[in-house]
Amino acid sequence: MSEKFNIDSLADLARIRLKKEEKAKLTNDLSKILGYVEALGQLNLEGIEPTTHVAKLENVFRADEVKPALVREEVLKHSPHREGNFFKVPKVIDQA
Amino acid sequence: MTNPEPLTIQAAARFIQGSSEKARTVAEALKKRVDQLDKSINAYIQFQLPKTFEIKQGPLAGVPISVKDNLCTHGWETTCGSKVLKGFIPPYDATVIRKLKEAGAVIVGKCNMDEFAFGSSNESSAFGPVKNPWDLTRVPGGSSGGSAAAVSSGEAIAALGSDTGGSIRQPASFCSVVGLKPTYGRVSRYGLVAFGSSLDQIGPITKTVEDAALLLQVMAGHDPLDSTSAQEPVPHYTEKLSKQVNGLKIGLAKEHFAAGLDPDVEKAIRQAAKTYQDLGAKIVDISLPHSRFAVHVYYIVATAEASSNLGRYDGVRYGLRVPSSNLTEMYIDTRDQGFGAEAKRRILLGTFVLSAGYYDAYYLRGLKARTFFRRDFEEAFKQVDVILTPTAPTPPFKLGEKTGDPLAMYLSDLYTIPANLAGNPAISIPGGFTNRDLPIGIQLIGKPFDEATLLSTAYAFEQATDFHKKKPRI
């Protein structure tokens, strides 16, 4: 199974950094778990509809009304880094 | 009022009688017990009494309630058992918290849990493992391990948990308390930190079935803030509670007695069937042919949803931020230091099953196989009113016993997962003990939105047995 996934590119997709010892352990764990779920191959799934959700709902709409929402100051108060009414983040664009 | 251990919601409400002074007496007795016991049990991430006791009148007037720490509490840190949410103080209450408060409850504690509810033993918490009050060398189950241990040890009158694959019922079984997972959509998920959004439900963990009915009553119903909450009418659960099971058809599935089931647990289930028979119920043999694939489907569907839901922890808006010179590095460093091993494992697994090239072979296949679980229940419920199963395949296991082997850990949810995959309500109630006094729970699964029958069936068993009266020696 392990040849199926590249742990580094998976970690990259998930924005996770793995230490060397974590990498070996997780590769092994994931191989085992994916090997285990292979057993689903025994089921004949032809013509079976996928179930994404068990709520018997179609689109749920509400009236388009203006209502009070969360208080801005409370939302921003506990943010790790703010400037005025904004969340501040490190530089996004590298200057070449 | 010196020992809150045997105190149920009903008993506490009778004692308090809407008096703020008496509410304080109960809460202070509870605090004393927490101060005494929690160093060894670790059921709480935070426990705190309000500064003033001006209680609201209602069915829960003045009753202290503890909640799992993945429920947003306005102005009160909500960590989800994770370092990545350290310092997250929600600017709002979850709908269930608002409803509890409106019914008069006093929220007193945030219970320990597996990180992001990822676990079956409470060992993945960033705040240390919870110990089982029945045997401190054993796990309390998970992921609502703190809630179940607190109720079982008398460190809580009652608590809320959440259940994605068994996280209310399995710890209830391990700690000999009552744990109810309502039908998907019965209770609003607004303000519950999301794990698997198509599976998650909030539910009560209590000392008695009556208390579970009472808490469900307070929490159930449609909420415009959760568009998946159902428009179904909410019956009067406490009034409808009845010991009468005469003529009720209870199903036993042959697939549930396969290899891996502990003999003591099997004995308890057979004995429970006998008890129901003596009470006038009819035991019917049924088949749930896809049962053995529950864990397979779950670890595709639940990890896929989790990897997507946990994408939001990026250090930008709340919780932990690890400073860095550029944005991508900030995301990666924050997630590296914020997430524990099990969270990383599930995020990676979910990322894989959703990734280009593997989506069809894993995620889509999992979704199709999930359909069988709905069908199996639909077929079974043509023949029976309720299904009786083990809650967990074993009594509580030792701390550390399964931490090295994630698959072995995942298999402890084998019997609880199907109700999440299909959306049905299910409850675990005390069903016996091993000869070493380790708790064994029995699970009852009901028809969608028929919590009333489920609760009455549970109540009949509880009233006919003494298992719920036995308390751990601590």
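Protein chains in written order, with full-length UniProt numbering: chain A, 1 to 96; chain B, 1 to 474. Each residue gets a CB set at the ideal place from its N, CA and C atoms; glycine is no exception. Just so we're clear, the structure is a prediction, and the values are computed from it rather than from any experiment.
Only Ile48, Glu49, Pro50, Thr51, Thr52, His53, Val54, Ala55, Leu57, Val60 and Arg62 from the region 46-68 of chain A bring a Cβ to less than 7 Å from some Cβ of chain B. Separation of the CB atoms of Leu34 of chain A and Ala369 of chain B is rounded to 15 Å, and the pair is thereby denied contact status at 8 Å.
Looking from the CA of Pro64 of chain B, the closest CA among B:Thr206, B:Ala419 and B:Val245 belongs to B:Thr206. Separation of Asp385 of chain B and Ala194 of chain B (C-alpha to C-alpha, rounded to the nearest whole angstrom) is 31 Å. With three or more CB-CB distances shorter than 8 Å, the region 167-178 of chain B counts as touching the region 424-435 of chain B. Contact between the region 352-366 of chain B and the region 289-308 of chain B is present: 3 or more CB-CB pairs across the two stretches fall below 8 Å. For Pro406 of chain B, the enclosing alpha helix (DSSP H) starts and ends at Pro406 to Tyr410. Taken in chain order, the members of the region 87-100 of chain B whose beta-carbon sits within less than 8 Å of a beta-carbon on chain A are Gly87, Phe88, Ile89, Pro91 and Tyr92. The shortest CA-to-CA distance from Val34 of chain B to any of B:Ala149, B:Val96 and B:Leu136 is the one to B:Ala149. Residues of the region 279-300 of chain B with a C-beta less than 9 Å from any C-beta of chain A: His290, Arg292, Phe293, Val295, His296, Val297, Tyr299 and Ile300, listed in chain order. When rounded, the separation of the alpha-carbon atoms in Ile417 of chain B and Thr403 of chain B is 20 Å.
Interface annotation, Ala369 of chain B: in contact with chain A, CB-CB separation under 7 Å.
In terms of CA proximity to Ile445 of chain B, B:Lys249 leads the group B:Ser176, B:Thr328, B:Lys249 and B:Thr25. Spanning the alpha carbons of Leu261 of chain B and Val60 of chain A requires a straight line of approximately 43 Å. Neighbours of Val316 of chain B in chain A, taken as residues at a C-beta separation under 7 Å, are given in chain order as Phe87 and Val89. The three-state secondary structure of Gln443 of chain B, taken from DSSP, is strand. For Asp8 of chain A, no Cβ of chain B is located within less than 7 Å of the residue's own Cβ. In the structure shown, Thr73 of chain B adopts extended strand secondary structure according to DSSP, grouped into three states. For Ile93 of chain A, not one C-beta of chain B is nearer than 7 Å to its own C-beta. Ranked by how close their Cα comes to the Cα of Phe86 of chain A, the residues A:Ile93, A:Val75 and A:Val92 have A:Val75 in first place. When the five nearest sequence neighbours on each side are left out, the beta carbons in the same chain lying within less than 7 Å of the beta carbon of Phe293 of chain B are those of Ala369, in order along the chain. Rounded to whole angstroms, the gap between the alpha carbons of Pro90 of chain B and Gln36 of chain B is 29 Å. Judged by DSSP in its simplified three-state form, Cys80 of chain B adopts coil rather than helix or strand.
Under DSSP, Ser66 of chain B forms a beta bridge with B:Gly109 and B:Ala159. Rounded to whole angstroms, the gap between the alpha carbons of Arg345 of chain B and Leu454 of chain B is 35 Å. In the structure shown, Val284 of chain B adopts extended strand secondary structure according to DSSP, grouped into three states. Under DSSP, Phe87 of chain A takes part in a beta bridge, and its partners are A:Arg82. Counted as a single uninterrupted DSSP element, the alpha helix (DSSP H) harbouring Gly338 of chain B occupies residues Leu327 to Gly338. When the beta-carbon positions are compared, Thr351 of chain B and Ala14 of chain A come within less than 7 Å of each other. At a cut-off of 7 Å between beta carbons, Arg321 of chain B contacts chain A. Three or more beta-carbon pairs separated by less than 8 Å are not found between the region 122-134 of chain B and the region 88-102 of chain B, which leaves the two stretches without contact. Excluding its 5 nearest sequence neighbours in each direction, Phe257 of chain B has C-beta neighbours in its own chain below 7 Å: Glu266, listed in chain order. Judged by DSSP secondary structure, Tyr44 of chain B falls within the beta strand (DSSP E) whose first and last residues are Tyr44 to Phe47. According to the DSSP assignment, Thr389 of chain B belongs to the beta strand (DSSP E) that extends over Val386 to Pro390.
In this structure, Gly142 of chain B and Gly179 of chain B do not form a Cβ contact; the two beta carbons are roughly 12 Å apart against a cut-off of 8 Å. Relative to the Cα of Gly58 of chain B, the nearest Cα in the group B:Pro133, B:Leu215 and B:Ala380 belongs to B:Leu215.
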